[in-house]
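Shown next, in structure tokens, is the structure this report addresses.
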Amino acid sequence: MKLLKGTFFIVLAVLGLALMVLVLNIDSFKRGFKRGWERQEATLLASAMADSAQSMLPIQLNEYTKVIAVTFEKNKVIYLYTVSLESQGQPDIDELREVVLYNVCNGIKIRKILDRGVLFSYIYKTERTNRWITTIEIGKEDCVSLSGP
Numbered sequence: 088m089k090l091l092k093g094t095f096f097i098v099l100a101v102l103g104l105a106l107m108v109l110v111l112n113i114d115s116f117k118r119g120f121k122r123g124w125e126r127q128e129a130t131l132l133a134s135a136m137a138d139s140a141q142s143m144l145p146i147q148l149n150e151y152t153k154v155i156a157v158t159f160e161k162n163k164v165i166y167l168y169t170v171s172l173e174s175q176g177q178p179d180i181d182e183l184r185e186v187v188l189y190n191v192c193n194g195i196k197i198r199k200i201l202d203r204g205v206l207f208s209y210i211y212k213t214e215r216t217n218r219w220i221t222t223i224e225i226g227k228e229d230c231v232s233l234s235g236p
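Right, here's the structure in full:
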């Protein structure tokens, strides 16, 4: 009888340990599933955002900049702009990057998408000749470096 009780407690302890491992694995699975779901949700939202924006284009932003296309490809929202160099001259690329970075990182909806791994790409070309001026790519880590240590 003592042997049976001892065996019962050992089996009970092993089952308890197995249950604890199972619970920890399920919790880990749920966290991984949630991260995967958030990434998928951000991808769907970014794709819908690009489709919606594309239906309203082209949009003249100011006297020399026009948005002509917005697409979503391979986890990246791509904005295509044309710039009229006749009225503006060659843009300051560093200043342009700072403005784009500030606007993307401080946009609440865009930032949520960015934080879940979707990239944003801004391509600038000349209006008259369609010559490439610059491409600015913004990822989550760019916003972290913007906010400082």
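Here the sequence shown is numbered in our numbering, starting from 88 and rising by one per residue. In this text, a Cβ means the ideal position worked out from N, Cα and C, and glycines have one as well.
- Here arginine 215 is exposed. Its C-beta has fewer than 16 other C-beta atoms within 10 Å.
- DSSP, read as helix, strand or coil, puts glutamate 173 in helix.
- For glutamate 160, the uninterrupted beta strand (DSSP E) run begins and ends at 152 to 160, by DSSP.
- Where leucine 148 is concerned, there is no enclosing alpha helix (DSSP H), because DSSP gives it neither an H nor an E.
- Approximately 7 Å separates the beta-carbon atoms of lysine 153 and tyrosine 168; this is inside 8 Å, confirming the contact.
- In the DSSP assignment, glutamate 224 falls within the unbroken beta strand (DSSP E) covering 219 to 225.
- Setting aside the 5 residues that flank it on each side, valine 187 is surrounded in the same chain by Tyr209 and Ile223, each with a C-beta closer than 6 Å to its C-beta; the list follows chain order.
- In chain order, Ile200, Arg203 and Val205 place their CB closer than 6 Å to the CB of alanine 129, counting only its own chain and leaving out the 5 sequence neighbours on each side.
- Shown here, serine 142 sits in coil according to DSSP, grouped into three states, outside any helix or strand.
- With a threshold of 16 other beta carbon atoms within 10 Å, valine 191 meets it and is buried.
- Going by DSSP, threonine 213 is part of the beta strand (DSSP E) stretching over 206 to 213.
- One thing to note: tryptophan 219 has its Cβ no nearer than 8 Å to the Cβ of lysine 227.
- Of the residues assessed, valine 231 falls on the exposed side of the cut-off, its CB having fewer than 16 other CB atoms within 10 angstroms.
- The closest CA to that of isoleucine 225, considering only Asn162, Leu132 and Asn217, is found on Asn162.
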